[in-house]
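Report on one structure; see the data block that follows.
There are 2 protein chains.
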Amino acid sequence: MYREQIKVLDCTIRDGGLVNAHDFSVEFVRRVYQGVSAAGVDYFEIGYKNSPEFFPGAKFGPWKCCKDEDIRKATQGVENGAKISVMVDVGRVDMDAILPASKSPFQMVRVASYVKGIDKAIAMENRFSDLGYETTINIMAISRDAGPELDEAMDQCETQSRAMAVYLVDSFGSLDQEDIERLVHRARRFVKTKELGFHGHNNQQLAFSNTIESIIHGVNFLDATVYGMGRAAGNCTLELLLGFLKNPRYDVRPVLDLIADEFIELRGRHEWGYIIPHMIAGQLGLHPQDALDLRKTPERDDYRAFHDRMTSLLSQ
Amino acid sequence: MYREQIKVLDCTIRDGGLVNAHDFSVEFVRRVYQGVSAAGVDYFEIGYKNSPEFFPGAKFGPWKCCKDEDIRKATQGVENGAKISVMVDVGRVDMDAILPASKSPFQMVRVASYVKGIDKAIAMENRFSDLGYETTINIMAISRDAGPELDEAMDQCETQSRAMAVYLVDSFGSLDQEDIERLVHRARRFVKTKELGFHGHNNQQLAFSNTIESIIHGVNFLDATVYGMGRAAGNCTLELLLGFLKNPRYDVRPVLDLIADEFIELRGRHEWGYIIPHMIAGQLGLHPQDALDLRKTPERDDYRAFHDRMTSLLSQ
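As they're listed, the protein sequences go chains A and B.
Quick note: the first sequence uses the working numbering, first residue 1, plus one each step.
Quick note: the second sequence uses the working numbering, first residue 1, plus one each step.
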């Protein structure tokens with residue numbers, strides 16, 4: 001598949017950071033940035049630009065509430081560096097602390113929102129847009145919030161925002177290629193002048209094939225992570241996606257080096273990927289939190305009991 | 001997806017046996033047979049029915065050249081037991097040692113063949129058919145042998161064999177959903193009166209989505225293995241497939257028990273699944289042997305060198 005408009009965004013540190021409370025060293029983040037930049041990736045999402053006052057008492061590393069100086073340390077001077085993206089959550093950013101794009105070390109801001117928060121997300125996106133950033137709106141949990149309110153949210157993104165792309169986010173990893181085909185065509189009825197994006201989760205080993213399916217139907221902004229590192233089951237793997245895209249500007253080999261040098265070892269210390277409770281949550285279309293909680297208990301591998309508990313939740 | 005004609009075949013012991021030289025105990029095979037039977041699976045492939053004289057000096061467990069008495073020990077008396085299938089390779093079976101179906105403990109024989117061996121495969125299939133077995137022909141390496149000779153092979157399967165199904169086997173795990181759509185429609189031009197089957201490998205995390213895609217286009221015989229256990233990257237996982245099929249006769253929970261009780265531990269001792277050299281082989285459409293050999297060496301995680309060596313092989 002070759003299409004010039006396709007942009008690949010690596011969100012290993014941002015979504016992968018949900019696995020380890022964003023506790024990566026600056027050196028590690030710099031190493032990943034060098035690798036994905038050498039691979040020709042277009043955007044590198046370095047973390048959340050939320051504000052720490054919204055997380056009193058919480059413990060986390062530097063990439064949950066990125067400081068501009070840390071972003072600079074991790075990225076300055078890297079040859080052919082990918083553009084830097086940060087993600088923000090609705091209601092968790094002190095907007096007065098955000099510098100204009102010309103004075104900051106990142107170029108793109110992605111606003112993550114559930115359908116019900118879309119008004120606030122658009123207002124926030126427009127403020128970042130005013131400050132000179134490239135912006136996207138990432139509509140989360142799109143398998144759950146799939147009623148007419150989703151149409152309205154997509155219509156608002158088209159008509160009220162200046163985002164360059166509207167992302168469809170399969171937060172629960174519950175969609176398959178037939179769902180993706182329908183969803184992209186549905187989105188296109190509303191989002192006519194902006195790009196569409198896709199962010200998958202790999203609960204059912206479908207994140208890559210769903211990304212392929214989104215490409216087939218015209219989606220151009222594609223999220224992936226090195227070795228699939230991301231919350232719970234993780235994401236579409238960057239190495240698979242780059243291998244699929246035939247654009248000669250991508251080179252999978254620096255990503256292979258990152259996996260060999262860093263991510264095999266990291267996976268030994270932190271859990272993500274094809275794990276049965278996450279698979280069950282994906283099959284049932286549920287938020288990953290119950291499975292994440294289960295994995296911290298002695299019953300972590302009692303799959304049948306978890307399956308039955310989740311199934312009974314659904315039938316209440 | 002609910003379609004009455006769909007048949008699920010579990011080949012955990014047969015394809016998974018390629019991981020451990022078919023060295024499963026009778027008790028383990030019986031446990032798996034009980035589990036997949038309780039899950040409502042239609043067929044259970046217990047191994048190869050090849051003849052040991054074709055493997056002089058080789059060491060392997062009981063399920064590479066299954067004896068009827070071992071099959072009986074592993075399966076007799078199991079409640080609502082799935083039908084038993086065995087696989088045979090062209091040229092590796094002493095046909096005179098095969099009893100009629102009425103006197104043997106298995107009901108189905110699947111003949112595995114490359115396109116170039118299809119004449120012999122059909123002759124063999126017809127002999128098994130004469131003996132009263134249900135039969136299929138499984139065309140392997142269908143991504144490689146994809147020229148006009150494949151059309152001819154499929155036409156021969158239709159017109160010269162009595163197989164109930166013709167399987168399309170993505171031996172190298174290199175196909176994606178667009179390939180599957182084209183392949184199934186191509187096969188249907190020739191195979192008009194028999195069922196089609198699909199057997200995927202998971203090198204690119206596409207075995208499940210390719211199986212879904214084959215279902216969408218009318219394939220009714222579906223292979224899967226518990227926790228994906230199979231050669232190299234393994235197969236479509238049975239637990240994902242049963243969760244996708246909405247037929248109430250399937251119950252994923254006994255498969256979850258097998259994973260919790262047996263396959264997590266087994267995966268700790270034997271390697272299959274998403275492993276980067278197998279991913280590379282899948283992306284490049286290569287036979288898994290080079291990656292399998294690599295994993296036995298100290299360079300097992302030198303992905304870049306393996307990638308470059310495989311790529312240069314292709315450009316020779």
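Virtual Cβ for every residue (Gly too), placed ideally from N, Cα, C.
A quick note: this is a predicted structure, and the numbers were derived from the prediction, not measured.
In summary, the residues of the stretch 285-308 of chain A whose CB is separated from some CB of chain B by less than 8 Å are Asp301, Asp302, Tyr303, Arg304, His307, Asp308, in the order they occur in the chain. At a cut-off of 8 Å between beta carbons, glycine 243 of chain B contacts chain A. Leaving aside the five residues that flank glutamate 158 of chain A on each side, the residues in its chain whose CB is nearer than 8 Å to its CB run, in chain order, Val166, Phe190, Val191, Lys192, Thr193, Lys194. Assignment of cysteine 66 of chain A by DSSP, reduced to helix, strand and coil, places it in the coil class. For the set A:Ile180, A:Glu45, A:Gly285, A:Arg3, the Cα lying nearest the Cα of valine 109 of chain A is the one of A:Glu45. Phenylalanine 28 of chain B carries a helical assignment under DSSP once its states are collapsed to helix, strand and coil.
For aspartate 179 of chain B against phenylalanine 198 of chain B, the beta-carbon gap comes to about 12 Å, at or over 8 Å, which does not count as contact.
With respect to chain B, the C-beta atom of glutamate 262 of chain A has no partner C-beta closer than 8 Å.
Considering only beta carbons, the part of the stretch 176-197 of chain B lying closer than 9 Å to chain A consists of Asp176, Gln177, Glu178, in chain order. By the criterion of a C-beta distance shorter than 7 Å, methionine 164 of chain A is surrounded in its chain by Glu134, Thr135, Thr136, Lys194, Glu195, once the five residues flanking it on both sides are discounted. Secondary-structure assignment with DSSP links threonine 136 of chain B through a beta bridge to B:Arg110, B:Ala165. Within its own chain, the residues whose Cβ lies closer than 8 Å to the Cβ of aspartate 155 of chain B, once the five positions on either side in sequence are excluded, are Phe190, listed in chain order. Counted as a single uninterrupted DSSP element, the beta strand (DSSP E) harbouring glycine 197 of chain B occupies residues 195-199. Counting along the chain, no alpha helix (DSSP H) covers valine 8 of chain A; the unbroken beta strand (DSSP E) around it starts and ends at 7-10. Sequence-distant partners of serine 102 of chain B (beyond 5 residues in either direction) whose C-beta falls short of 7 Å from its own C-beta, in its chain, are Gly132. Interface annotation, methionine 124 of chain A: not in contact with chain B, CB-CB separation never under 8 Å.
Chain-order list of chain B residues neighbouring arginine 127 of chain A: empty, with the shortest C-beta distance near 39 Å, by a criterion of under 9 Å. A direct Cα-Cα distance of roughly 59 Å separates aspartate 145 of chain A from phenylalanine 54 of chain B.
Here the stretch 253-261 of chain A lies against the stretch 31-39 of chain A, with 3 or more beta-carbon pairs under 8 Å apart. Chain-ordered, the chain A residues with CB closer than 7 Å to the CB of glutamine 205 of chain B read Gln205, Phe208, Leu240. In the DSSP assignment, valine 255 of chain B falls within the alpha helix (DSSP H) that extends over 253-258. The Cβ atoms of isoleucine 275 of chain A and valine 226 of chain A lie no closer than 8 Å to each other.
Beta-bridge annotation (DSSP): tyrosine 48 of chain B is paired with B:Met87. Phenylalanine 221 of chain B places its beta carbon less than 8 Å from that of leucine 9 of chain B. Our two residues, phenylalanine 24 of chain A and arginine 30 of chain A, have alpha carbons roughly 10 Å apart in a direct line. Contacts with chain A at 8 Å (Cβ-Cβ) include methionine 279 of chain B. Annotation: the continuous alpha helix (DSSP H) that includes aspartate 290 of chain B extends over 289-294.
Residues of chain B with a Cβ closer than 9 Å to the Cβ of isoleucine 276 of chain A are, in chain order, Tyr227, Glu239, Leu256, Ile259, Ala260, Ile264.
The continuous alpha helix (DSSP H) containing phenylalanine 306 of chain B extends over residues 303-314. If the five residues before and after alanine 97 of chain A are omitted, its C-beta is found closer than 7 Å to the C-beta atoms of Ser51, all from its own chain and listed in chain order. When Cβ-Cβ separations below 8 Å define contact, glutamate 271 of chain A makes no contact with chain B. From the beta-carbon of arginine 253 of chain B, the residues of chain A found nearer than 7 Å are Arg304, His307. For glutamine 283 of chain A, the residues of chain B that pass the 9 Å Cβ criterion are Glu239, Leu240, Gly243, Phe244, Val252, in the order they occur in the chain. Between asparagine 202 of chain B and glycine 243 of chain B, the C-beta gap is not smaller than 8 Å, which leaves the two residues out of contact. Excluding the 5 residues flanking it on each side, alanine 305 of chain B has same chain C-beta neighbours closer than 8 Å at Glu299, in chain order. In terms of CA proximity to alanine 141 of chain B, B:His287 leads the group B:Leu294, B:Asp293, B:Leu313, B:His287.
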